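S.K.:
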Amino acid sequence: MTRHIVLGNQSLLVNIDKWLQVRDIYFPYVGQENHLSGHAQRIGVYVDGNLSWINEPGWERKLAYRKSTLISENHAINRDIGIEILLEECVHFEHNIFLRKVIIKNIRDYQREIRLFFNQDFHLYGNGIGDTAIYQMNHNVIVHYKNSRYFLIGALKSNRSEDITSDIDDFAIGQAEYKGLQGTFKDAEDGILSKNPVAQGTVDSTIGIHFEIPADAEKTVYYYIIAGEDFQDIYELNSFIKENGPQSILEETEKDNLSWLSKISIDFSDLDRDISELYKRSLLTIKTQTDKGGAILAANDSDNMQFNKDTYSYMWSRDGALTAVAMIKAGYPEFTKPFFLFCRDVLWWPGCMLHKYNPDRTLGSSWHPWVEFDKPSLPIQEDETALVIHALWQYYETTKDIEFITELYEPLIKKAVYFMNSYRYPNELPRESYDLWEERRGVFTFTASAVYAGLTAGEKLADLFEDHETCTICRDTYLGLRSAIIDELYDSENKIFLRGINYTDGDIGKKVVDNTVDSSVYTVFDFNVLLADDPRVESTMINLEKKLWVEQKGGLARYENDQYYRQSDTIPGNPWVICTLWLAKWYIAKAKDPESLAKPIELIKWVADCSLETGIMPEQVHPFTEEPLSVAPLTWSHAEFVDTVNKYIEKQKSFV
Numbered sequence: 001m002t003r004h005i006v007l008g009n010q011s012l013l014v015n016i017d018k019w020l021q022v023r024d025i026y027f028p029y030v031g032q033e034n035h036l037s038g039h040a041q042r043i044g045v046y047v048d049g050n051l052s053w054i055n056e057p058g059w060e061r062k063l064a065y066r067k068s069t070l071i072s073e074n075h076a077i078n079r080d081i082g083i084e085i086l087l088e089e090c091v092h093f094e095h096n097i098f099l100r101k102v103i104i105k106n107i108r109d110y111q112r113e114i115r116l117f118f119n120q121d122f123h124l125y126g127n128g129i130g131d132t133a134i135y136q137m138n139h140n141v142i143v144h145y146k147n148s149r150y151f152l153i154g155a156l157k158s159n160r161s162e163d164i165t166s167d168i169d170d171f172a173i174g175q176a177e178y179k180g181l182q183g184t185f186k187d188a189e190d191g192i193l194s195k196n197p198v199a200q201g202t203v204d205s206t207i208g209i210h211f212e213i214p215a216d217a218e219k220t221v222y223y224y225i226i227a228g229e230d231f232q233d234i235y236e237l238n239s240f241i242k243e244n245g246p247q248s249i250l251e252e253t254e255k256d257n258l259s260w261l262s263k264i265s266i267d268f269s270d271l272d273r274d275i276s277e278l279y280k281r282s283l284l285t286i287k288t289q290t291d292k293g294g295a296i297l298a299a300n301d302s303d304n305m306q307f308n309k310d311t312y313s314y315m316w317s318r319d320g321a322l323t324a325v326a327m328i329k330a331g332y333p334e335f336t337k338p339f340f341l342f343c344r345d346v347l348w349w350p351g352c353m354l355h356k357y358n359p360d361r362t363l364g365s366s367w368h369p370w371v372e373f374d375k376p377s378l379p380i381q382e383d384e385t386a387l388v389i390h391a392l393w394q395y396y397e398t399t400k401d402i403e404f405i406t407e408l409y410e411p412l413i414k415k416a417v418y419f420m421n422s423y424r425y426p427n428e429l430p431r432e433s434y435d436l437w438e439e440r441r442g443v444f445t446f447t448a449s450a451v452y453a454g455l456t457a458g459e460k461l462a463d464l465f466e467d468h469e470t471c472t473i474c475r476d477t478y479l480g481l482r483s484a485i486i487d488e489l490y491d492s493e494n495k496i497f498l499r500g501i502n503y504t505d506g507d508i509g510k511k512v513v514d515n516t517v518d519s520s521v522y523t524v525f526d527f528n529v530l531l532a533d534d535p536r537v538e539s540t541m542i543n544l545e546k547k548l549w550v551e552q553k554g555g556l557a558r559y560e561n562d563q564y565y566r567q568s569d570t571i572p573g574n575p576w577v578i579c580t581l582w583l584a585k586w587y588i589a590k591a592k593d594p595e596s597l598a599k600p601i602e603l604i605k606w607v608a609d610c611s612l613e614t615g616i617m618p619e620q621v622h623p624f625t626e627e628p629l630s631v632a633p634l635t636w637s638h639a640e641f642v643d644t645v646n647k648y649i650e651k652q653k654s655f656v
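Taking the UniProt record's numbering, I'd label the letters of the sequence shown as residues 1 to 656.
#1: I want to know whether the stretch 283-299 touches the stretch 627-639 - three or more CB-CB distances under 8 Å.
#2: On a Cα-Cα basis, can you pick out the residue from Tyr224, His622 and Gly8 that is closest to aspartate 291?
#3: In chain order, what residues of the same chain have a beta carbon less than 7 Å from the beta carbon of arginine 108, not counting five sequence neighbours either side?
#4: Count the CB pairs spanning the stretch 217-230 and the stretch 147-165 that are closer than 8 Å, and state whether there are at least three.
#5: Rounded to whole angstroms, what is the Cα-Cα separation between tryptophan 30 and glutamate 384?
#6: At the level of alpha carbons, what is the spacing between glutamate 334 and threonine 362?
#7: Beta strand (DSSP E) containing asparagine 78: first to last residue?
#8: By how many angstroms is the C-alpha of alanine 330 removed from the C-alpha of lysine 337?
#9: Which value, in whole angstroms, describes the spacing of the CA atoms of glutamate 595 and tyrosine 490?
#10: So, at 6 Å on beta carbons, what are the nonlocal neighbours of asparagine 140 in its own chain, with the 5 sequence-adjacent residues on each side left out?
#11: Measure the C-alpha to C-alpha separation of glutamine 306 and alanine 217 and round it to an integer number of angstroms.
#12: Taking the beta strand (DSSP E) that alanine 172 belongs to, which residues open and close that run?
#13: In three-state terms, what does DSSP make of isoleucine 104?
#14: Please work out which residues of its chain come closer than 6 Å, Cβ to Cβ, to lysine 62, disregarding the five sequence neighbours upstream and downstream, and give them in chain order.
#15: Pull up the CB-CB distance for threonine 540 and valine 521, whole angstroms please, since I reckon it's below 8 Å.
#16: With a CB to CB cut of under 8 Å and the five nearest residues on each side skipped, what residues in its chain are close to aspartate 593?
#17: Return the residue from the list Lys415, Phe27 and Pro350 that minimises the CA-CA distance to serine 313.
#18: The ligand COA and proline 197: does the residue's C-beta get closer than 8 Å to at least one heavy atom of that ligand?
#19: If alanine 155 sits next to valine 198, beta carbons under 8 Å apart, how far is it from one beta carbon to the other, in whole angstroms?
#20: Once you ignore the five residues that flank asparagine 15 on each side, which residues in its own chain have a CB closer than 6 Å to its CB?
#21: According to DSSP, simplified to helix, strand and coil, what is glycine 183?
#22: Excluding the 5 residues preceding and the 5 following tryptophan 316 in the sequence, name in chain order all residues of the same chain whose CB lies nearer than 7 Å to its CB.
#23: Rank Val517, Tyr425 and Phe339 by C-alpha distance to the C-alpha of threonine 504 and give the top, closest one.
#24: Among Glu84, Glu73 and Glu162, whose alpha-carbon lies nearest the alpha-carbon of asparagine 244?
#25: Mapping DSSP to helix, strand and coil, what is glutamate 88?
#26: For the pair the stretch 82-98 and the stretch 244-261, tell me if three or more CB-CB distances fall below 8 Å.
#27: Find out if the Cβ-Cβ distance for the pair tyrosine 224, isoleucine 241 is shorter than 9 Å.
#28: To the nearest angstrom, how far is the alpha carbon of arginine 482 from that of threonine 445?
#29: Spatial neighbours of lysine 101 within its chain, please: C-beta separation below 6 Å, excluding the five flanking residues on both sides.
#30: On the three-state DSSP scale, how would you describe tryptophan 19?
#31: To which residues of the same chain is histidine 39 closer than 7 Å at the C-beta, ignoring the five residues directly before and after it?
#32: How long is the line joining the alpha carbons of glutamate 403 and aspartate 463, rounded to whole angstroms?
#33: With respect to the alpha helix (DSSP H) encompassing isoleucine 486, which residues constitute its N-terminal and C-terminal limits?
#34: Is it a yes or a no for the stretch 526-542 touching the stretch 553-568, going by three-plus beta-carbon pairs under 8 Å?
#35: Do the stretch 275-286 and the stretch 638-645 touch if we need at least three Cβ pairs shorter than 8 Å?
Structure below.
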């Protein structure tokens with residue numbers, strides 16, 4: 001359940017798996033309308049009377065990105081058939097074009113005819129019902145379309161073409177997944193396609209490109225998919241490719257990527273090169289997972305749908321806010337502005353964020369009920385509201401952009417602050433909401449600390465407008481909240497902060513304690529409720545590391561007896577990237593000298609070692625093999641890596 005390569009321009013997102021197959025194509029929103037829904041786009045080679053798809057055994061595959069870019073340099077070799085392939089792939093930084101530059105080499109000592117096949121298995125709008133695919137002779141291309149989604153497939157055997165047609169030598173269009181039909185990729189087995197020009201329903205298509213390649217020589221073909229909303233869109237971009245040459249798509253994208261990374265505001269001079277390169281890869285990955293309309297998506301790996309019949313392709317405002325903080329501190333505050341506008345526009349009328357959202361700003365699916373114990377219940381995680389305000393203060397503190405804050409003050413900031421003030425018990429703790437893991441309802445240390453951060457930020461933002469009433473409300477509430485966190489959520493007997501509590505029937509005199517050791521209590525220091533070296537924080541974090549460290553391969557589990565993708569009963573849970581980085585943050589925060597930074601850099605390196613060879617970070621890893629589990633990339637993993645490295649460098653510089 002991983003995507004080793006992600007390529008995108010915040011409108012078109014293309015995911016590639018470890019078998020070099022395109023598995024997800026999102027358009028025109030990142031994370032919404034997956035037009036493959038995980039169905040593989042195959043590449044095959046027909047030579048010496050046999051067809052071999054490069055996802056099959058017999059191929060050695062190595063995946064990589066070109067340094068500091070969103071351009072892949074994927075390699076495959078099959079020694080049995082004597083073929084080597086290099087795939088340079090990208091999504092154009094501005095136009096909705098996915099390009100594959102395929103360099104195919106004949107590693108035999110004699111000339112051979114080689115036929116290269118590309119299969120397209122679209123399921124437009126994610127369902128594949130009522131799709132149409134046509135062969136368009138005037139341009140020698142294939143077009144898949146339905147409603148306002150159009151995908152053009154073409155190929156060129158050189159960087160320059162005077163003709164309006166592409167260089168497709170063979171093609172087939174047919175039905176798939178119907179009456180036992182598997183698809184036109186089967187038609188390629190004899191090296192010759194049917195040339196059927198149209199099909200409707202659930203359809204696929206295959207194109208063929210033919211070469212005569214001398215001994216130990218190579219040929220190049222440019223394969224491309226253009227996304228648009230009508231015929232005019234796709235044919236205009238087809239003309240763009242012909243006029244400028246497909247090589248320019250790679251060159252322009254590389255230039256744009258390098259320019260974008262030049263905005264990084266931190267100094268890597270004292271950091272290992274591997275860590276600094278992974279930092280840059282994380283920034284680029286976050287960019288691909290962010291829609292141009294502002295939604296920061298959690299993950300877009302459709303394989304997870306096989307696990308729970310839903311995906312991570314939603315915007316949780318908590319993940320988004322913490323990602324925004326990381327990007328702001330990295331030197332990209334402008335990048336986060338659409339996210340805050342998104343939050344303003346979707347804020348529910350009482351002043352809170354609901355569970356999660358689709359990239360088009362509609363409400364996402366949810367498993368949180370609106371009723372509990374026969375009473376109305378808000379299906380929220382209050383930290384999602386609070387952390388948006390917390391992130392907004394980070395934005396202002398970095399930019400001093402008062403015009404943008406003015407735009408958001410009344411419709412977002414003030415409404416959220418008044419909600420947080422009202423949604424609380426008489427002892428100042430927040431009322432019940434769902435925890436950040438979305439599994440239980442209660443009053444949690446993570447949530448309470450996030451609300452504290454949101455209210456302290458709210459006071460500072462209100463002060464910019466001399467809104468003394470709102471400042472007073474924020475200050476009175478967060479001061480009371482801080483005392484309540486210490487009084488109610490700290491277990492003085494065991495000297496640790498609790499995961500959470502519940503009040504039976506809303507009676508603060510009837511407290512029920514949740515003693516589960518949970519990594520999320522790190523927020524007590526990270527959101528400035530207490531200092532990192534406070535004895536209560538010290539004892540809490542030491543207990544976390546003792547109880548949740550996974551001895552086999554390292555890393556910190558989420559919480560005791562975590563069942564999600566559980567691999568063994570001998571461990572507290574699988575190691576998570578974000579949880580391990582939270583532990584690193586604590587060591588960074590309490591460091592008093594350069595020697596104290598040895599432990600956090602060790603944890604940062606553990607995360608780097610658990611990343612895929614391409615630099616993509618998963619949600620969690622197998623406790624015995626360190627193989628990725630659940631989704632990859634997880635945007636939050638990359639964001640926490642960026643934020644942790646930011647904090648590490650800042651602390652490192654403080655000792656100079």
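Where a beta carbon is used, it is the ideal one built from N, C-alpha and C, also for glycine.
For clarity, every value in this text was computed on a predicted model and none was experimentally measured.
M.R.: On the basis of the supplied data:
#1: yes
#2: Gly8
#3: Gly82 and Ala215
#4: yes
#5: With the sequence shown as reference, residue 30 is identified as valine, and tryptophan is not the correct amino acid for it. Computed Cα separation, rounded: 21 Å.
#6: 24 Å
#7: 72-78
#8: 15 Å
#9: 31 Å
#10: Thr165, Ser166 and Ile168
#11: Note that glutamine 306 scores a pLDDT of 49, beneath 50, so its modelled location is shaky; the value from the coordinates is reported in the next line. Glutamine 306 and alanine 217: Cα-Cα distance of roughly 43 Å.
#12: 170-175
#13: strand
#14: His75
#15: 6 Å
#16: Phe655
#17: Phe27
#18: Judged by which ligands are present, the structure shown has none, so any question about the ligand COA falls away.
#19: With 8 Å as the limit, alanine 155 and valine 198 do not qualify as a contact, their Cβ atoms being about 20 Å apart.
#20: Arg3, Val6, Arg23 and Asp24
#21: coil
#22: Ala298, Lys356 and Glu384
#23: Tyr425
#24: Glu162
#25: strand
#26: yes
#27: yes
#28: 11 Å
#29: Glu88 and Tyr222
#30: coil
#31: Asp121 and His123
#32: 15 Å
#33: 468-489
#34: no
#35: yes
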